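Visitor: Take this structure first; my questions come after.
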Amino acid sequence: LAKTTQPISMDSYEGQEVNITCSHNNIATNDYITWYQQFPSQGPRFIIQGYKTKVTNEVASLFIPADRKSSTLSLPRVSLSDTAVYYCLVGAHRAAGNKLTFGGGTRVLVKP
Amino acid sequence: DSGVTQTPKHLITATGQRVTLRCSPRSGDLSVYWYQQSLDQGLQFLIHYYNGEERAKGNILERFSAQQFPDLHSELNLSSLELGDSALYFCASSLTTSGSTDTQYFGPGTRLTVL
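Line by line, the protein sequences give chains A and B. Residues 1 to 112 in this note's numbering are what the first sequence lists, from first letter to last. Residues 1 to 115 in this note's numbering are what the second sequence lists, from first letter to last.
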């Protein structure tokens with residue numbers, strides 16, 4: 001699985017947009033980019049997944065440039081409840097031998 | 001609520017003991033995954049079962065074993081417990097169809113404390 005690099009932590013304020021960039025220089029052709037959110041003592045929660053360009057859902061947007069060597073998770077108008085650790089994962093999802101390799105994640109603190 | 005259930009929620013035991021953690025996947029999901037999360041190691045993949053068969057192994061110790069039953073629930077058995085086994089253990093499930101992007105849905109976890 002491709003190795004990912006993301007900032008250790010980020011601070012923001014309520015109502016602001018938070019952008020977290022993840023580097024994945026050795027991403028493979030069939031790899032997808034997936035982001036998970038984890039609150040303390042809870043299991044990670046799927047946020048968004050993409051392969052290229054832009055993906056948007058009710059929670060976030062994911063921007064992926066043409067070379068796919070990085071991606072940016074965008075959280076619009078964050079609230080205090082968005083304080084969590086955000087993980088960027090890159091890998092192919094197959095029926096056989098699937099696993100997720102979590103890095104250190106980005107700890108986002110939203111302040112009032 | 002992800003639809004994945006795990007029992008028990010908390011478990012306190014002593015070194016040398018054996019425990020069993022249980023996971024019920026979301027309805028319709030064929031794959032079950034186990035992860036360990038400790039303060040100093042982050043989230044570590046342990047093992048993946050698909051429709052009753054082991055499909056992938058991560059950094060799972062020989063003292064640990066798992067299985068997935070015909071009704072698709074899974075159990076993680078931890079034996080000869082050591083202090084360092086204290087951690088949160090998560091189960092995740094996914095549909096896992098060929099060609100799917102196979103999003104994993106995590107349960108609430110079991111907090112294991114070894115004294």
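From the three backbone atoms N, C-alpha and C, an ideal C-beta is built for every residue, glycine too. Owing to the predicted nature of the structure, the values given are computational and were not obtained by experimental measurement.
To the nearest angstrom, how far is the alpha carbon of B/SER79 from that of A/PHE39?
Guide: Taking the straight line from one Cα to the other gives about 29 Å.
Visitor: With a threshold of 8 Å between beta carbons, is A/GLY15 in contact with chain B?
Guide: Cβ-Cβ to chain B under 8 Å: no for A/GLY15.
Visitor: Can you grab the Cα-Cα spacing for the pair A/LEU80 / A/ASN19, in whole Å?
Guide: Between A/LEU80 and A/ASN19, the C-alpha separation is close to 16 Å.
Visitor: Would B/ALA87 pass as a contact of B/TYR33 if the rule is Cβ separation under 8 Å?
Guide: No, Cβ-Cβ distance for B/ALA87 and B/TYR33 is not below 8 Å.
Visitor: Return the Cβ separation of B/GLN36 and B/LEU46 in integer angstroms, given the expectation that the two are a contact with Cβ distance under 8 Å.
Guide: About 6 Å separates the two Cβ atoms, so the contact holds.
Visitor: Within its chain, find whatever has a CB closer than 6 Å to the CB of B/HIS48; leave out the 5 residues flanking it on each side and keep chain order.
Guide: Here the set comprises TYR33, ARG55, ALA56.
Visitor: On the premise that A/LEU62 lies in contact with A/ILE33, defined as a C-beta separation below 8 Å, what is that separation, rounded to the nearest angstrom?
Guide: Correct: roughly 7 Å between the Cβ atoms.
Visitor: Would you mind stating whether B/VAL114 and B/THR13 have Cβ atoms separated by less than 8 Å?
Guide: In this structure, B/THR13 lies closer than 8 Å to B/VAL114 by Cβ.
Visitor: Reducing DSSP to helix, strand and coil, say where A/SER81 ends up.
Guide: Note: A/SER81 maps to helix in three-state DSSP.
Visitor: Which residues bound the beta strand (DSSP E) around B/VAL19?
Guide: Its beta strand (DSSP E) spans residues 19-24.
Visitor: Since B/ILE12 sits in a beta bridge, which residues does DSSP pair it with?
Guide: Looking at the DSSP assignment, B/ILE12 forms a beta bridge with B/THR113.
Visitor: Among the candidates B/GLY42, B/SER38, B/ASP1, B/HIS10, whose CA atom is the shortest distance from the CA of B/SER27?
Guide: Answer by Cα proximity: B/ASP1.
Visitor: Please look up how many angstroms separate the CB atoms of A/LEU73 and A/ALA60, rounded, as I've assumed it's under 8 Å.
Guide: 6 Å between Cβ atoms; contact.
Visitor: What is the rounded straight-line gap between the Cα of B/LEU83 and the Cα of A/CYS22?
Guide: In a straight line, the C-alpha of B/LEU83 is about 34 Å away from that of A/CYS22.
Visitor: Taking all protein chains shown into account, do 16 or more other C-beta atoms lie within 10 angstroms of the C-beta of B/HIS10, making it buried, or fewer, making it exposed?
Guide: It counts as exposed.
Visitor: Taking A/PHE63 as part of the beta strand (DSSP E), name the residues at either end of that continuous run.
Guide: Here the beta strand (DSSP E) through A/PHE63 covers 61-64.
Visitor: Is it the case that the CB of A/THR29 approaches a heavy atom of the ligand MG more closely than 7 Å?
Guide: Only the bare structure without any ligand can be found here, which leaves the ligand MG out of the picture.
Visitor: Residues in the same chain with beta-carbon distance under 7 Å from B/PHE106, minus the five sequence neighbours each way, listed in chain order, please.
Guide: SER2, VAL4, PHE90, ALA92.
Visitor: Report the residue from B/LEU39, B/GLY109, B/SER74, B/ILE60 whose alpha carbon sits nearest the alpha carbon of B/ASN51.
Guide: Residue B/SER74 is the option with its Cα nearest to B/ASN51.
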